[in-house]
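I have placed the structure first, in the form of structure tokens, so that the comments after it can refer back to it.
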Amino acid sequence: MLLKKAERVIKEKGISALKIKVVNRLKYKAASLKYAYTHKLLPIEIAKQRERKYKVPVKISICVPVYNVDKKYFREMLESVLSQTYSNWQLCLADGSTEEFSYISKMVEDCHDNRIKYKKLISNQGIVGNSNAAVELADGEYIALLDNDDVLAPDALFEIRKAIDTGADFIYTDEASFSKNINSPDIIHFKSDFSIYNLRGNNYICHLSAFRKSLFTSVGGFRLGYDGSQDHDLILRLCENARKIHHIPKVLYNWRVHGGSVASDISIKPYCIVTGVRAVNSHLKRLFIDGSCKSINETTPVYKVTYGKGNNKATLINDISDFDGITSEYIIVARKDIEVKENVISELSRYIQQSDVGVVGSVIVKNYKIQSAGLVIKNGLVHCYKNENILSDGYMHTLNYAHSVSAVGNYVFAIKKSLVDKVGGFDKNLPENEKIIDMCFRLRDKGYDIIVDPYAKAVGKAENINLSDEFKEKWKNKLSEDDKFMRKEIYG
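Residue 254 is where the sequence shown starts when you use my numbering, and the numbers rise one by one after that.
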């Protein structure tokens, strides 16, 4: 299986890309193991969670579509639910398995727990039908989705319950992928806070997700025609309609990697790519967004969204100081020492015309190395992916799709004049290189997204960022926080 993956990488990008992929995989594996070994729930914490009392009872229905699952895997899934420190749960199992897997019903019966609702389906209805059947069994206020061979962390529902108290309609957590030893993950997905642009680029939310059952019902549940990407399609629709989305930056879900799973190899179910593209295009159509989605290749569930007709409506200037007097709504600032090609202008123009985007920046490269792919809050601010090879996919493929960042540097970026005016213009008391960073922070605080587009690469050098005392004082609270988009577990 690994050999097949290696052959695909060589075919698509060459042997150098494979070497980079292996090095990055080992780096991210090390970060995952470090987290796993240092974040273990202690017995005293488990006891405290079990003893906690709640003023308002909230039942969480864990919905599991079951189909021909290995006995050992199914048992471990059951045990992970039975071991939850939050007890007000319900496990809803819709079983479409064939006759030789009749042991499933016996295993459920042997649990002797009336919180488990089990239904043997007359026939297998596929992943969409079985999933909807599982939700139909639920009478909890919130739904949590679990695959029949995966494993919940013991505090998963406890943390979900805490998030419910914030008023969240939709909740998601970080997750680990494992093959043999659950305590030694292959990789952990340390996710960003919510970003619709990240979600269009790939289903980064995936597991664990929980949401109001009423929200699930209102969007129509799982839909036929999206098998393999049914979760991505559902999550897009849920997030379109949720009033509040909450990310729990803790690993609360363990995704099992085995021979028949997409986690192991997407080529096992190549139709996932087709239905993933369909899900994103359907989402764009529902929101009346002029854009289209395509996969970056035939074997990776990562997508490039192209917005608009490509009309260049932006005015190009070389410096923020040239901003005054410009009447155009869309402005691209490209520093004189940065080489900018026409496709960069087109890419940035497409993104800045989106109503929810405040700033979109280029990836800056030089001598086949990345100089800056946005800025990360880390002991001040640092360049994301600094000195990585331009063939790198980045962490969890973030260098293959436009994604949210905390800020961009003053190299090449697009911005809306109306938004600059709305927040009172650039701060003239700050040094030139800090003005756009300050603007990014202010616009994000107003609800606008800050994006880096990896398909808009410009050539030049990105200097290290030495923040002024004025900037540090103005943004001391934000600079003291962990970065919400590029996580400290990877970039710390």
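Note that CB positions come from ideal geometry on N, CA and C, so glycine has one too.
Residue i versus residue j - alpha carbon distance
i	j	result
V673	K619	30 Å
A709	E582	20 Å
A463	P318	15 Å
Y744	A289	16 Å
K617	S659	For the record, residue 617 in the displayed sequence is Ile; it is not Lys. Using only the alpha carbons, I get a separation of about 16 Å.
Q426	H500	Looking at the sequence provided, one finds Thr at residue 426 rather than Gln. The straight-line gap from Cα to Cα measures roughly 6 Å.
I449	S482	17 Å
K274	T651	13 Å
L399	I598	43 Å
K306	Y339	10 Å
A239	E304	The structure shown has nothing for residue 239, since the chain only spans 254 to 745.
H365	K415	28 Å
R531	K503	30 Å
E412	I424	10 Å
S733	N455	29 Å
K409	F738	A small correction: the amino acid at residue 409 is Ala; Lys does not occupy that position in the sequence shown. About 22 Å.
N632	I718	11 Å
Residue i: first and last residue of the uninterrupted beta strand (DSSP E) it sits in
i	result
Y701	Where Y701 is concerned, there is no enclosing beta strand (DSSP E), given that its DSSP letter is neither H nor E.
S625	622 to 625
K372	369 to 373
Y395	395 to 398
K503	498 to 509
L747	In this structure the chain extends from 254 to 745, so residue 747 is not present and cannot be described.
Extent of the continuous alpha helix (DSSP H) to which residue i belongs
i	result
P296	296 to 304
S471	466 to 471
L732	729 to 732
R490	483 to 494
V648	Checking the displayed sequence, the identity of residue 648 turns out to be Tyr instead of Val. Taken as a continuous stretch (DSSP letters only), Y648 belongs to no alpha helix (DSSP H), as it is neither H nor E.
V317	Looking at the DSSP string, V317 is not in any alpha helix (DSSP H); the run it does join, the beta strand (DSSP E), is 313 to 319.
V635	Per DSSP, V635 belongs to no alpha helix (DSSP H); it is in the beta strand (DSSP E), 634 to 636.
E641	It is not in any alpha helix (DSSP H) - E641 carries neither H nor E in the DSSP assignment.
H536	524 to 539
A386	379 to 389
I743	741 to 744
Residue i burial status per 10 Å Cβ neighbour count (16 or more: buried)
i	result
G713	buried
S721	exposed
L294	exposed
D403	buried
K301	exposed
E742	buried
V276	exposed
L487	buried
L271	buried
H442	buried
D735	exposed
S269	exposed
V705	buried
K699	exposed
K444	buried
N401	buried
(request) Can you check the segment 328 to 366 for any alpha helix (DSSP H) of at least 4 residues that lies completely inside it and give the ranges in chain order? (result) 356 to 362
(request) Report yes or no: do three or more beta-carbon pairs, one from the segment 639 to 658 and one from the segment 567 to 586, lie closer than 8 Å? (result) no
(message) With three or more C-beta pairs closer than 8 Å as the rule, is the segment 423 to 431 touching the segment 717 to 734?
(response) no
(message) Using 8 Å as the cut-off, can you tell me whether the segment 276 to 285 makes contact with the segment 359 to 367, which would need three or more C-beta pairs spanning the two stretches below that distance?
(response) no
(request) Entirely within the segment 548 to 620 and at least 4 residues each: give me those alpha helix (DSSP H) ranges in chain order. (result) List check, alpha helix (DSSP H) in window: 595 to 605.
(message) Please give me, in chain order, every unbroken run of the beta strand (DSSP E) with length at least 3 that falls completely inside the segment 656 to 688.
(response) 665 to 669
(request) Would you check if the segment 306 to 324 and the segment 371 to 387 touch, i.e. whether three or more CB-CB distances between them fall below 8 Å? (result) yes
(request) Decide if the segment 367 to 376 is in contact with the segment 476 to 484; the criterion is three or more beta carbon pairs, one per stretch, under 8 Å apart. (result) no
(message) Please give me, in chain order, every unbroken run of the alpha helix (DSSP H) with length at least 4 that falls completely inside the segment 410 to 454.
(response) 449 to 454
(request) May I ask you to verify whether the segment 464 to 472 touches the segment 385 to 401, counting CB pairs closer than 8 Å and requiring at least 3? (result) yes
(message) Any contact between the segment 650 to 667 and the segment 684 to 698? By contact I mean 3 or more CB pairs, one from each, below 8 Å.
(response) Yes, since at least three Cβ pairs between the segment 650 to 667 and the segment 684 to 698 fall closer than 8 Å, the two stretches touch.
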